[in-house]
Amino acid sequence: MFITNRNSPFRCIFCFLGGVLFFLGSSRELASETRLFSFTTSKGLVIKVLQDNDMPFIHAQLLIYLDGSSQNYTSLAISQLTVMNMFERELNSPPSNLMDMLQRQGNDYQVEQNPEYVKITMNFLPDRLAAFPKLLKEIFYYQSFHLKKFKQSKEKFWSLFAKDRDWKKEMAFLLAYQQMVGNFYFSQGLLLQEILNRINLAQLRSFLLKTFRPDNALLILKGKINPYFILGMIEKDLPQPSPQPSKAKKEEITINANRKIFVLNVNSAEQPAVYWFDAAPAVTDVSYLPYVIGNFALFGFPGGRIYQSEKNQFSMAGYKVNTETYFLKKFTIFCNYLRLKYIDLENFLLLVEQERRKFVVRPIERKEYLDALNYYIGRAQVETSRFDYDLQGEIDRFHSQGVGSLALPIGPQLFQEVSLNRVMQVMDEQMGSRHRSSGREKGIVVLIGNANLIINSLKLLKTEALELSMD
Amino acid sequence: MIKAWIFCWCLVILLVPISAQTVTVNSFELPNGLKVILSPSNDMQAAAVCVYHMQGARNEPADSRGISYLYQYLMFDGNENLEPYDHVLFVNKMGGIVSGRVNYDNAVFYETLPAQEINVALWLESERLKSLRLQDANIDYHKNQIFNRINRLWESSQNFKAQTWVSSKVFEGSAYEYPLYGDLNRIRFLSNDRIRENYQKFQNLANILLIIAGKFDINELRAGINKFFQNIPPGRKPANPVFSAHNQRKSFLLKNWMIAGLKRNFVVYGIKAPAKIGYNFMYFDFLRYYLTDPRFARLDHILNIVNELDVEIESSFTDYMEANCLTIQISTSKRINLEKAKYVLEKEFQALGSNPISNSDMKAVRSLMEIDFLKSMISLEERCLRIGEFFQMFGELNFFDVQLKRLRKITSFDIMESAKKYLLKENQVVLNVYNK
Chain X
168 MFITNRNSPF
178 RCIFCFLGGV
188 LFFLGSSREL
198 ASETRLFSFT
208 TSKGLVIKVL
218 QDNDMPFIHA
228 QLLIYLDGSS
238 QNYTSLAISQ
248 LTVMNMFERE
258 LNSPPSNLMD
268 MLQRQGNDYQ
278 VEQNPEYVKI
288 TMNFLPDRLA
298 AFPKLLKEIF
308 YYQSFHLKKF
318 KQSKEKFWSL
328 FAKDRDWKKE
338 MAFLLAYQQM
348 VGNFYFSQGL
358 LLQEILNRIN
368 LAQLRSFLLK
378 TFRPDNALLI
388 LKGKINPYFI
398 LGMIEKDLPQ
408 PSPQPSKAKK
418 EEITINANRK
428 IFVLNVNSAE
438 QPAVYWFDAA
448 PAVTDVSYLP
458 YVIGNFALFG
468 FPGGRIYQSE
478 KNQFSMAGYK
488 VNTETYFLKK
498 FTIFCNYLRL
508 KYIDLENFLL
518 LVEQERRKFV
528 VRPIERKEYL
538 DALNYYIGRA
548 QVETSRFDYD
558 LQGEIDRFHS
568 QGVGSLALPI
578 GPQLFQEVSL
588 NRVMQVMDEQ
598 MGSRHRSSGR
608 EKGIVVLIGN
618 ANLIINSLKL
628 LKTEALELSM
638 D
Chain F
1197 MIKAWIFCWC
1207 LVILLVPISA
1217 QTVTVNSFEL
1227 PNGLKVILSP
1237 SNDMQAAAVC
1247 VYHMQGARNE
1257 PADSRGISYL
1267 YQYLMFDGNE
1277 NLEPYDHVLF
1287 VNKMGGIVSG
1297 RVNYDNAVFY
1307 ETLPAQEINV
1317 ALWLESERLK
1327 SLRLQDANID
1337 YHKNQIFNRI
1347 NRLWESSQNF
1357 KAQTWVSSKV
1367 FEGSAYEYPL
1377 YGDLNRIRFL
1387 SNDRIRENYQ
1397 KFQNLANILL
1407 IIAGKFDINE
1417 LRAGINKFFQ
1427 NIPPGRKPAN
1437 PVFSAHNQRK
1447 SFLLKNWMIA
1457 GLKRNFVVYG
1467 IKAPAKIGYN
1477 FMYFDFLRYY
1487 LTDPRFARLD
1497 HILNIVNELD
1507 VEIESSFTDY
1517 MEANCLTIQI
1527 STSKRINLEK
1537 AKYVLEKEFQ
1547 ALGSNPISNS
1557 DMKAVRSLME
1567 IDFLKSMISL
1577 EERCLRIGEF
1587 FQMFGELNFF
1597 DVQLKRLRKI
1607 TSFDIMESAK
1617 KYLLKENQVV
1627 LNVYNK
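Line order of the protein sequences matches chains X and F. Counting the first sequence from 1 gives a position; the working numbering is that position plus 167. Counting the second sequence from 1 gives a position; the working numbering is that position plus 1196.
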């Protein structure tokens, strides 16, 4: 049966059905994979679009870079206060244009900060995509600082800082970071009220002008997005930034992660917390994954050496150690942390030290290596069920700027390529005898709890203590 | 002709995004009566296996309240082939996550793990259903643990005491009146035989859903389910659970507690909210988002920013099937500010019942709710939970489009009507806790 009449209604119907099938087929094809588009706008903003046609909403991450290596607690306080004044919902009086725009966008946003960048994460419905470039403009050219709000942000700083986050871990991390990059002197104190009191609004304005610039940021969008449409809109809406002041050439950072034990005092009835920080290779470095596996063989649960020795040698309660990784531009910080009884504190610290030393004389066994590999390959697969799992790889790739040869994002396959020999070699470089020649172990330890009880329970280990009360 | 073509193409273009958002759910039943529900997502490498018990604390006999809460802990305590917490270690070793909880209306236990390991989760769950370890030693251990933990909390936290009291008054006369952990003293001395006997009802296969979401090969999965679950003996079909939405309270209840040495005065509002099975639930949920969700935080805005009262606001919502309770706690060290806050709150409740919410606020809250709903459909565990709940309440599997459509159609009139009905003074229980 062949339809020869061009005007036949059947021919039209078949053509239409064919077209529909082709359209649906192609949209299905598009829907099945995430495609990456990268652009740099004429104003210097780097945009990465992960086009995922199955995603019912849009996820955005905007990273604004801070000069982590030259930060001290004053500059840290300035950046914290700037972010609070701009984004803190509790300080929306008088209301700002930015807060109104965020609300119209759906209000599902959060802002987090580390010494190297401010990250603004946002989810919104696809019909708000067209309004997003205007919101970006408002962030980059923010002008709604207000004295009343600024004063409030200083008064309420600690309650806002501690809101919705593990502030103890955050403080411990800041302390360890400052220690590692070498800008920290214990006598400076931490982020204390007197540092906050010295800051004025002009400092916030100048910080904003210097830092919140399109040519100092990375934008990642994921969802059902036409990348060229969003690029065009952003090009249209973002004005040219003012010329960037010439930057002094930075000195190369020397990471100093020699062993120090700090005690922060809090008036709390809770068990003390131990945070053990190690500087590790950057995420794009080929040594990163071997380090991850080595760290698991040491601190992992339940197969890690420390967990096993806790039970077998020291008859402790079998404390589970959690691990968190902070991805920074030049290096990574591993934080292994747990809560435990005061009575077990010193034994635990000595045990960790002992197991780290043993690493060189008692190499990782095949079983330990396979357990770690199995865990991380599985974990990488489980992570794919999160809608934002593939964003970190793009951020890391951007950070590395071509330095380091590890292909990203990190998935199961990359873990499979790490050999046991390589793990041993990297762990020897990181924890081996070469680093102990000066008599100093590696790793910065921050203990948070009742300082008196902590210091009384540490008989052999030398500490530096600082009063920090946020209760 | 051209117009007709353009019309047809517009129709197709409009329909494509709707179909792309739909969550696929289908089901089958094993000969022993176990209902299996599948929700595939092939764009990931993980899968979640969830055992959803369509019963919880509300189905307990009056003389053994708290027994289901005890099962929550016993569920991780091993079985014939596994030692205590082996279950957790197994899944943890392969990078997966284990969790579970017992609620009033249901109980859920799940594992999220790499897709190719799905049979391990099926095996672990089947072992748990077949031969949970219910020996005297481990039952007694958990009885004591629960007793000590709740007692400590009771002794140390005035907030906990106050919220428990408010909740019991809001739910007076319903299955939710008693705390989930029941009567601590009674459960401590309840015979272990009784606990074992009741477990037969709790793990009745006819009352359980096996929900699997994520990536899987349907043929392999079916083979795995048959292998591990078909030998479990069938349960007795329970009488169809009939849910009925409770009405609002009819009288205002106010109580004052004077406590010596209290650092901050506080007030706890308990507002009886519509049942999850009721049509009004979504409208009240909108009000909850509007007033208390930290991303919108209207209450915080009017109390702390507009009126500068410097009060701390905490809230919780119960999420039960037959009735609910929105609890709002306001605390401050200055008593005068607390009284002002109460006055402002009452005015705000009245205003919500008489004036429509502005269009921009309506849009913002609706979009926030929609984003949360869509996020919950991506998260495997939450998707399993929502599928189970919807099936338990309505016997339906495909709810995604219906819920989304309803959500998008909420109007300010619906919200005003809901506020009129539920934010009334007669529908509230208020407890003032003052320093003596």
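All residues carry an ideal CB built from backbone N, CA and C; glycine is no exception.
Practice task
Kindly indicate if chain X contains any beta-carbon less than 8 angstroms away from that of F/E1566.
Solution key: The residue you call residue 1566 of chain F lines up with position 370 of the second sequence. At least one chain X Cβ lies under 8 angstroms of F/E1566.
Problem - Which of helix, strand or coil DSSP assigns to F/T1360 - result: For this step, residue 1360 of chain F is matched to residue 164 along the second sequence. If DSSP states are grouped into helix, strand and coil, F/T1360 belongs with the helices.
Handout entry: Buried/exposed call for X/F291, threshold 16 Cβ in 10 Å
Key = Taking the first sequence and counting its residues from 1, one reaches residue 291 of chain X at position 124. With 16 or more other Cβ atoms within 10 Å, it is buried.
Practice task
List the residues of chain X whose Cβ lies closer than 8 angstroms to the Cβ of F/G1410, in chain order.
Solution key: Locating residue 1410 of chain F in the second sequence gives position 214, counting from the first residue. Under the 8 angstroms cutoff, chain X gives S552.
Exercise for the section: Tell me, please, whether the CB atom of F/T1308 is closer than 8 angstroms to any CB atom in chain X? Expected result: The residue given as residue 1308 of chain F occupies position 112 in the second sequence. With 8 angstroms as the cut-off, F/T1308 counts as an interface residue toward chain X.
Problem - Paired residues, beta bridge with F/R1643 - DSSP - result: Since the first residue of chain F shown is 1197 and the last is 1632, residue 1643 of chain F is not available in this structure.
Handout entry: Candidates X/E535, X/E561 and X/F312, of which the one nearest X/V459 by Cα
Key = Taking the first sequence and counting its residues from 1, the one referred to as residue 459 of chain X is at position 292. Considering only alpha carbons, the answer is X/E535.
Exercise for the section: Determine which residues of the region 278-309 of chain X have a Cβ less than 9 angstroms from any Cβ of chain F, and write them out in chain order. Expected result: N290, F291, L292, P293, D294 and R295
Practice task
Kindly say whether F/F1398, judged by its beta-carbon, lies nearer than 8 angstroms to any beta-carbon of chain X.
Solution key: On the second sequence, position 202 is the one that residue 1398 of chain F refers to. False, the Cβ-Cβ gap to chain X never drops below 8 angstroms.
Practice task
Provide the residue span of the alpha helix (DSSP H) that contains X/M251, from first to last.
Solution key: Residue numbering aside, residue 251 of chain X sits at position 84 when the first sequence is read from its first letter. Y240 to F254 is the span of the alpha helix (DSSP H), which, as asked, contains X/M251.
Handout entry: Residues that F/L1495 bridges to, as DSSP identifies them
Key = Your numbering for residue 1495 of chain F matches position 299 in the second sequence. Paired residues: none, contrary to the question.
Exercise for the section: Can you say whether X/E196 is buried or exposed, counting buried as having 16 or more other CB atoms within 10 angstroms of its CB? Expected result: Residue 196 of chain X sits at position 29 when you count from the first residue of the first sequence. Any answer about X/E196 is weak, because its pLDDT of 42 lies below 50 and its placement is not dependable; what the coordinates show is given next. Exposed, by the Cβ-count rule.
Problem - Amino acids of chain X, ordered along the chain, whose beta-carbon sits closer than 7 angstroms to that of F/Q1241 - result: The sequence position of residue 1241 of chain F within the second sequence is 45, counting from 1. Here the neighbours are Q548 and T551.
Handout entry: Element boundaries [beta strand (DSSP E), containing F/E1225]
Key = Here the question's residue 1225 of chain F lines up with position 29 in the second sequence. Unbroken beta strand (DSSP E) run through F/E1225: N1222 to E1225.
Problem - Cross-chain neighbours of F/D1496 in chain X, by beta carbon under 7 angstroms - result: Stepping through the second sequence from its first residue, residue 1496 of chain F is reached at position 300. Going along chain X in sequence order, the residues near F/D1496 (Cβ under 7 angstroms) are E257.
Exercise for the section: Rank X/S586, X/N423, X/V549 and X/G578 by C-alpha distance to the C-alpha of X/E561 and give the top, closest one. Expected result: Residue 561 of chain X sits at position 394 when you count from the first residue of the first sequence. Out of X/S586, X/N423, X/V549 and X/G578, X/G578 has the C-alpha closest to the C-alpha of X/E561.
Problem - Interface positions of the region 1301-1331 of chain F facing chain X (Cβ-Cβ less than 9 angstroms), listed along the chain - result: T1308, L1309, P1310, A1311, Q1312 and E1313
Exercise for the section: Determine the contact status of F/L1380 and F/F1343, defining contact as a CB-CB distance below 8 angstroms. Expected result: Locating residue 1380 of chain F in the second sequence gives position 184, counting from the first residue. Locating residue 1343 of chain F in the second sequence gives position 147, counting from the first residue. Yes, the pair counts as a contact, with Cβ atoms nearer than the cut-off.
Practice task
Would you list, in chain order, the members of the region 1266-1298 of chain F that have their beta-carbon closer than 8 angstroms to a beta-carbon of chain X?
Solution key: L1285, N1288, K1289, M1290, G1291, G1292 and I1293
Practice task
Count the other CB atoms, across all protein chains shown, that sit within 10 Å of the CB of X/F340; report buried if there are 16 or more and exposed otherwise.
Solution key: As a working mapping, residue 340 of chain X is identified with position 173 in the first sequence. Buried.
Exercise for the section: Would you be able to state if there are at least three C-beta pairs under 8 angstroms between the region 1523-1532 of chain F and the region 1462-1476 of chain F? Expected result: yes
Problem - CB contact below 8 angstroms: X/G471 versus chain F - result: Here residue 471 of chain X refers to the residue found at position 304 when the first sequence is read from its first residue. No - not a single Cβ of chain F is within 8 angstroms of the one on X/G471.
Exercise for the section: Report the partner residues of X/S349 according to the DSSP bridge assignment. Expected result: Numbered from 1 along the first sequence, position 182 holds the residue referred to as residue 349 of chain X. The amino acid occupying residue 349 of chain X in the given sequence is Gly; Ser does not appear at that position. Answer is none; X/G349 lacks a bridge partner.
Handout entry: Where F/A1537 meets chain X, residues with beta-carbon distance less than 7 angstroms
Key = The count along the second sequence starts at 1 and reaches residue 1537 of chain F at position 341. Under the 7 angstroms cutoff, chain X gives no residues; its nearest Cβ is about 15 angstroms from F/A1537.
Exercise for the section: Counting only the same chain and skipping the five closest in sequence on each side, list residues whose C-beta sits under 8 angstroms from that of X/V593. Expected result: Residue numbering aside, residue 593 of chain X sits at position 426 when the first sequence is read from its first letter. For X/V593, where only same-chain residues beyond five positions count, the Cβ hits under 8 angstroms are P448, S454, P457, Y458 and G461.
Exercise for the section: For X/N541, return the contacting residues in chain F, with the cut-off set at a CB-CB distance below 7 angstroms. Expected result: Against the first sequence, residue 541 of chain X aligns to sequence position 374. Neighbours of X/N541 on chain F, chain order: K1289 and M1290.
Problem - X/F463 burial status per 10 Å Cβ neighbour count (16 or more: buried) - result: Locating residue 463 of chain X in the first sequence gives position 296, counting from the first residue. Buried: at least 16 other Cβ atoms inside 10 Å.
Exercise for the section: Could you name the residues of the same chain whose beta carbon sits closer than 8 angstroms to that of F/N1422, not counting the 5 residues immediately before and after it, in chain order? Expected result: One-based indexing of the second sequence puts residue 1422 of chain F at position 226. The residues are L1226.
Exercise for the section: Give the residues from the region 252-276 of chain X that approach chain F closer than 7 angstroms (Cβ to any Cβ), ordered along the chain. Expected result: R256, E257, N259, S260, Q270, R271, G273, N274 and D275
Exercise for the section: Please decide whether F/R1491 counts as near chain X, where near means a Cβ-Cβ distance under 8 angstroms. Expected result: Numbered from 1 along the second sequence, position 295 holds the residue referred to as residue 1491 of chain F. It does; some Cβ of chain X falls within 8 angstroms.
Problem - Any alpha helix (DSSP H) of 4 or more consecutive residues that is wholly inside the region 1362-1395 of chain F - result: 1380-1385
Exercise for the section: Closer than 7 angstroms by beta-carbon distance: list the chain X residues that pair up with F/I1501, in chain order. Expected result: Stepping through the second sequence from its first residue, residue 1501 of chain F is reached at position 305. N259 and S260, listed in chain order.
Exercise for the section: Pick out whichever of F/F1569, F/E1276, F/L1270 and F/M1240 has its Cα sitting closest to the Cα of F/R1167. Expected result: Because chain F spans 1197 through 1632 in this model, residue 1167 of chain F falls outside it and cannot be assessed.
Exercise for the section: Sort out for me which residues DSSP pairs X/D445 with in a bridge. Expected result: As a first step, residue 445 of chain X is located in the first sequence; it is residue number 278 there, counting from the start. X/D445 pairs with X/F501.
Practice task
Select from the region 1568-1585 of chain F all residues with a C-beta closer than 8 angstroms to any C-beta belonging to chain X, and list them in chain order.
Solution key: D1568, L1570, K1571, M1573, I1574, S1575 and L1576
Exercise for the section: Examine chain F for any beta-carbon lying closer than 8 angstroms to the beta-carbon of X/E196, and answer yes or no. Expected result: Residue numbering aside, residue 196 of chain X sits at position 29 when the first sequence is read from its first letter. Annotation note: pLDDT 42 at X/E196 (below 50); position unreliable, no value reported.
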